[in-house]
Structures are given as structure tokens and as C-alpha cells.
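Novice: Counting from 5, one number per residue, gives the positions in the sequence shown under this note's numbering.
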Amino acid sequence: MSLIVQKFGGSSVANAERIFNVANRVIDTYKEGHSVVVVVSAQGDTTDELLEKAKEINENPSKREMDVLLSTGEQISIALLAMAIEKLGYPVISLTGWQIGMLTNSNHSNARIKTVDTERITRELDKKNIVIVAGFQGINKYDDITTLGRGGSDTTAVALAAALKADLCEIYTDVDGVYTADPRIVKNAKKLDDISYDEMLELASLGANVLHNRSVELAKKYNVNLEVKSSFKRVPGTIVKEVGNVEKMLVRGVARDNDVARIAVIGIEDKPGKAFQIFSLLAKKNINVDIILQSIGRENTKDISFTVSKSHLQAALDVINENLGIIGAKEVKYSDKVSKVSIVGAGMVNNPGVASRMFEALYDAGINIHMISTSEIKVSVLIDEKDAEKAVVAIHDKFELSL
Ligand code: ADP
Ligand code: ASP
Ligand code: MG
Numbered sequence: 005m006s007l008i009v010q011k012f013g014g015s016s017v018a019n020a021e022r023i024f025n026v027a028n029r030v031i032d033t034y035k036e037g038h039s040v041v042v043v044v045s046a047q048g049d050t051t052d053e054l055l056e057k058a059k060e061i062n063e064n065p066s067k068r069e070m071d072v073l074l075s076t077g078e079q080i081s082i083a084l085l086a087m088a089i090e091k092l093g094y095p096v097i098s099l100t101g102w103q104i105g106m107l108t109n110s111n112h113s114n115a116r117i118k119t120v121d122t123e124r125i126t127r128e129l130d131k132k133n134i135v136i137v138a139g140f141q142g143i144n145k146y147d148d149i150t151t152l153g154r155g156g157s158d159t160t161a162v163a164l165a166a167a168l169k170a171d172l173c174e175i176y177t178d179v180d181g182v183y184t185a186d187p188r189i190v191k192n193a194k195k196l197d198d199i200s201y202d203e204m205l206e207l208a209s210l211g212a213n214v215l216h217n218r219s220v221e222l223a224k225k226y227n228v229n230l231e232v233k234s235s236f237k238r239v240p241g242t243i244v245k246e247v248g249n250v251e252k253m254l255v256r257g258v259a260r261d262n263d264v265a266r267i268a269v270i271g272i273e274d275k276p277g278k279a280f281q282i283f284s285l286l287a288k289k290n291i292n293v294d295i296i297l298q299s300i301g302r303e304n305t306k307d308i309s310f311t312v313s314k315s316h317l318q319a320a321l322d323v324i325n326e327n328l329g330i331i332g333a334k335e336v337k338y339s340d341k342v343s344k345v346s347i348v349g350a351g352m353v354n355n356p357g358v359a360s361r362m363f364e365a366l367y368d369a370g371i372n373i374h375m376i377s378t379s380e381i382k383v384s385v386l387i388d389e390k391d392a393e394k395a396v397v398a399i400h401d402k403f404e405l406s407l
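(1) Excluding the five sequence neighbours on either side, which residues of its own chain have a C-beta within less than 8 Å of the C-beta of Glu-364, listed in chain order?
(2) Let's see if you can read the secondary structure: which residues bound the alpha helix (DSSP H) around Ala-46?
(3) May I ask whether a heavy atom of the ligand MG can be found less than 8 Å away from the beta carbon of Leu-215?
(4) Nearest CA to the CA of Val-293: which residue from Ala-395, Glu-78, Ala-265?
(5) Which of the three DSSP states, helix, strand or coil, is assigned to Gly-180?
(6) In this structure, how does DSSP classify Ala-138 when only helix, strand and coil are distinguished?
(7) Which of the three DSSP states, helix, strand or coil, is assigned to Gln-103?
(8) How would you label Val-44, buried or exposed, when you count the other beta carbons within 10 angstroms and need 16 or more for buried?
(9) Under the assumption that Asp-158 contacts Lys-11 (Cβ atoms under 8 Å), give the Cβ distance between them as a whole number of angstroms.
(10) If I follow the unbroken alpha helix (DSSP H) through Lys-288, where does it start and stop?
(11) The ligand ADP and Pro-276: does any heavy atom of the ligand fall closer than 8 Å to the residue's C-beta?
(12) Nearer than 8 Å: is that true of the beta carbon of Thr-108 relative to any heavy atom of the ligand ASP?
(13) Taking DSSP's pairing of strands, which residues face Leu-230 in a bridge?
(14) What are the residues that DSSP puts in a beta bridge with Met-375?
(15) Tell me which residue opens and which closes the alpha helix (DSSP H) that Lys-67 is part of.
(16) For Lys-57, which option in Leu-74, Tyr-34, Val-42 has the closest C-alpha, if you only look at C-alpha atoms?
(17) Give the secondary structure of Leu-152 by DSSP, where H, G and I count as helix, E and B as strand, and everything else as coil.
(18) In terms of DSSP beta bridges, what is Arg-302 paired with?
(19) Taking 9 Å as the cut-off, decide whether the C-beta atoms of Gly-155 and Ala-115 are in contact.
(20) Taking 8 Å as the cut-off, does the CB of Ala-46 come closer than this to any heavy atom belonging to the ligand ASP?
(21) Give every residue of the same chain whose Cβ lies closer than 8 Å to the Cβ of Gln-103, excluding the five residues on either side of it in the sequence, and list them in chain order.
(22) Reducing DSSP to helix, strand and coil, say where Ser-113 ends up.
(23) Among the candidates Tyr-226, Ile-149, Asp-197, Ile-8, whose CA atom is the shortest distance from the CA of Gly-37?
(24) Look at the Cβ atom of Tyr-201, then the Cβ atom of Val-179, and state whether they are nearer than 9 Å.
(25) Could you pull out every residue in the same chain whose Cβ sits closer than 8 Å to the Cβ of Asn-355, ignoring the five residues on either side in sequence?
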């Protein structure tokens with residue numbers, strides 16, 4: 005007998021009808037004789053609405069209390085889904101992150117899973133229960149509630165699949181698989197039959213939120229069989245696995261990330277140690293820096309630009325402004341109206357033409373590039389946010405990804 009972990013996202017449980025749709029799919033799997041563990045997210049836009057509610061009370065609440073609030077969304081979903089399954093006459097139990105011993109670190113709002121205690125779930129499965137688990141939430145070593153970051157229910161599902169040594173982890177969502185680009189932006193994007201862990205990890209990290217990036221990281225680490233598929237249509241999805249297509253595709257997909265802001269430190273003295281000074285200040289504040297660009301020195305000064313996530317923008321500006329004198333820079337400029345657009349493909353290595361083709365697509369579309377960064381399997385550009393969707397479409401066309 006096999007064990008299957010199924011995860012259903014927010015849109016899949018958005019209302020009563022959809023909850024019964026999920027209940028029926030879960031029951032079908034159970035009736036086939038599998039043990040089923042189901043992970044659910046908060047219904048529809050519940051998490052966003054809870055964030056709004058918090059704002060009405062306190063513009064700057066502690067992350068601990070925010071996690072107490074946000075975790076309630078998933079608790080509603082597990083109870084409702086369990087009630088639906090009860091009504092359909094099958095044995096079921098819902099469990100919160102705390103009840104299943106989902107132990108995380110204390111990084112509230114973006115906690116990392118440390119261990120999962122499988123004892124309770126295994127006991128319930130032995131009793132032939134369908135087990136419904138709240139995604140996105142855990143507890144730290146002080147028994148405080150934590151959350152895993154937006155989109156984190158995927159990670160709950162993969163972590164459980166790894167810990168329980170499940171045969172399969174299915175991520176059910178509102179699209180029927182992983183596409184060459186977000187199908188909401190590119191109408192003729194193509195569904196991929198399979199994709200490698202590495203390519204999926206890059207796409208997810210670069211803004212393709214169809215999977216939470218840490219879920220892919222965990223799936224790769226523990227070799228979890230992962231499939232992304234539709235909650236609504238019964239068709240095969242996309243398999244995420246060790247090796248993708250044998251012939252490595254030059255470009256597998258295009259991703260866009262709007263959660264980015266650019267900071268430029270202008271007129272820095274052109275002497276050794278300046279980059280070290282700036283980035284050690286940021287590191288001390290736990291601010292992650294992504295793309296970095298340093299200009300050529302002129303008249304004994306240089307500029308250093310870099311990107312951070314929007315949520316870190318203010319903290320980064322504060323720490324640099326406070327230390328402008330020590331750094332020896334003239335001024336700091338920033339923009340949060342930028343986006344990062346990237347192409348990903350394991351076949352890109354040793355193909356120098358790929359980046360230039362991407363830049364040609366942007367040039368043809370009249371889009372200006374602010375920054376560029378590359379790795380073995382991706383090329384990213386920073387452009388104006390208003391151009392981002394046009395850029396994704398242009399690049400997708402240029403590489404003929406819909407064919
Ligand atoms: P869920 O609530 O089920 O977790 P998400 O909204 O987090 O769903 O993820 C699904 C969404 O991801 C899709 O509706 C789609 O717009 C978006 N998406 C972004 N990039 C891609 C991609 N490359 N392939 C498929 N979907 C993508
Ligand atoms: N409910 C959480 C969110 O909206 C977690 C998730 O959906 O995966 O981010
Ligand atoms: Mg999601």
C-alpha cells in the first residue's frame with residue numbers, strides 16, 4: 005500500500021463547492037487503497053485579508069503576533085475540509101502544525117522547518133483516517149506559532165512527504181502544471197511534462213510562484229516524487245524530478261519577480277574596502293542582496309547598485325543613510341518600480357548566444373535594461389516594472405517556447 009501526500013492551494017478550497025470537490029478527490033485516492041495525507045492552504049485570499057486586518061490595527065505589528073494571525077487561515081481550511089469528508093462518510097481527522105510537531109526555527113514569517121515528528125500522523129493513518137494537515141505553519145522550540153513564508157504550504161507538503169517517506173507528493177493548484185511562463189501573462193505558454201529539480205528551483209526562486217522555492221529544495225534533497233497538477237481538471241500534470249528532458253532544453257521557462265527594489269549608492273570614494281563596508285552593514289541587518297553592479301571609477305568616485313526584496317528596502321536605505329559618512333558616499337537613490345525577468349534552462353551552459361538572444365528580444369520590444377546577472381542555468385535582467393509583462397511575452401516568443 006502506498007502513501008500519498010496531496011496539497012491543495014487556496015483557490016482549490018476557496019468555497020464550499022470547491023471544498024467538496026477536494027473532498028471527493030481525496031476520497032477517490034483513499035478508496036483506491038492509499039494512505040492519504042492532505043495539506044491545505046487558507047481559502048482564497050484569506051491570507052491577504054488577514055494582512056489587511058492587521059494593518060487596520062497596527063501598521064507595524066510584531067512578526068510573532070502576525071504569525072498567530074496568519075496561521076488561522078489554514079486552521080479554518082482543515083476543519084472545513086474534514087467536515088466535508090465526514091459528511092461524505094469517510095474517517096478523517098484534521099491536525100494543526102503544532103499537533104503534528106512541525107518544528108521550525110524562530111524566524112517568524114519566514115521560518116525554516118527543522119524536524120517533523122511523524123508519530124501522530126502515522127498513528128492516525130494506522131487507524132485508517134484520512135489526515136488533513138494545516139499548511140504554512142509550525143512551532144518553534146518555545147512552542148510559539150511560526151509561518152513558513154508566502155506560498156509555504158507547498159513546503160509543508162514536501163516536508164511531510166519526505167518525513168513520511170511518501171511514494172508521491174501531489175501539488176494541486178489552479179493551473180494544470182508548470183508552464184514555460186506564467187499562463188496568466190503568456191497566453192500561449194506551454195505545459196511542461198517534466199522539469200528537473202534544478203530548473204524548477206531556479207524558476208521558483210526567480211518568481212514562478214506555482215511552487216514555493218523551498219519545497220523544491222526539499223524535494224531535491226530528499227528525492228521526493230513531486231507532481232504539479234490541476235484541482236479541477238483530471239489530466240496529467242508536470243513531474244518535477246532529478247533529470248528533466250534527456251536533451252537539455254536551452255531555455256525551459258521565463259519568470260518574473262516584482263518583489264524587488266534597486267538601491268544605488270552614488271559617489272563612493274574609489275578605494276579598496278568600500279563594497280565590503282556596504283555589504284557587511286547589510287549582512288548585519290540580515291538583508292539579502294541579489295544583483296550587484298559596480299560602475300567604473302571616474303574622478304576618484306564610483307557607484308555601487310544592488311537589489312533587495314521590497315520588504316527589505318526601508319531597512320537597507322536606513323542602514324546606508326545612517327552610515328553615509330563612514331562609507332564616504334555622496335547620496336543614495338532607489339526605485340521600487342522595477343522587476344526582474346529571467347530565463348532558466350540547464351542547457352544554457354556553454355551557449356553564449358542565449359543571453360544575447362534575450363537582450364535582442366528586449367531591444368526589439370524597446371525595453372531598457374538596468375542590470376544583468378547570470379549563472380550557469382539562468383540569465384536575469386532588471387527592468388522597469390511597467391515593462392515586465394511585455395518583456396516576458398517578448399522573450400517567450402523569441403525563444404519560441406510555445407512550439
Ligand atoms: P496555490 O494557491 O494553489 O498555491 P499559487 O497562486 O501559489 O496557487 O500558484 C499557482 C499560480 O502560479 C498560477 O495561477 C500561475 O498564475 C502562477 N504561475 C507563475 N509562473 C508559473 C508557471 N511557470 N507555470 C504555471 N503557473 C505559474
Ligand atoms: N496561505 C499562505 C499564503 O497565502 C500559504 C500558502 O498558500 O501556501 O501565502
Ligand atoms: Mg502557492
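Where a beta carbon is used, it is the ideal one built from N, C-alpha and C, also for glycine. Quick caveat: nothing in here was measured; it's all calculated off a predicted structure.
Specialist: Quick answer:
(1) Lys-402
(2) Here Ala-46 belongs to no alpha helix (DSSP H), and DSSP marks it neither H nor E.
(3) Checking the Cβ of Leu-215 against the ligand MG gives yes.
(4) Closest by alpha carbon: Ala-265.
(5) This sequence places Asp at residue 180; Gly is not what is there. Three-state DSSP puts Asp-180 in coil, outside helix and strand.
(6) Of the three classes helix, strand and coil, the one that applies to Ala-138 here is strand, per DSSP.
(7) coil
(8) buried
(9) Rounded, the Cβ-Cβ distance is 6 Å, consistent with contact.
(10) It spans 278–288 - the alpha helix (DSSP H) in which Lys-288 sits, taken as one unbroken run.
(11) Every heavy atom of the ligand ADP is 8 Å or more from the Cβ of Pro-276, so no.
(12) Every heavy atom of the ligand ASP is 8 Å or more from the Cβ of Thr-108, so no.
(13) Cys-173, Val-244
(14) Among the bridge pairs identified by DSSP, Met-375 is matched with Leu-386.
(15) First-last of the alpha helix (DSSP H) with Lys-67: 67–91.
(16) Leu-74
(17) coil
(18) Thr-305
(19) No; because the gap between Cβ atoms is not below 9 Å, this pair is not in contact.
(20) Ala-46 Cβ: within cutoff of the ligand ASP.
(21) Arg-124
(22) coil
(23) Looking at the Cα atoms, Ile-8 is the closest of the given residues.
(24) no
(25) Leu-254
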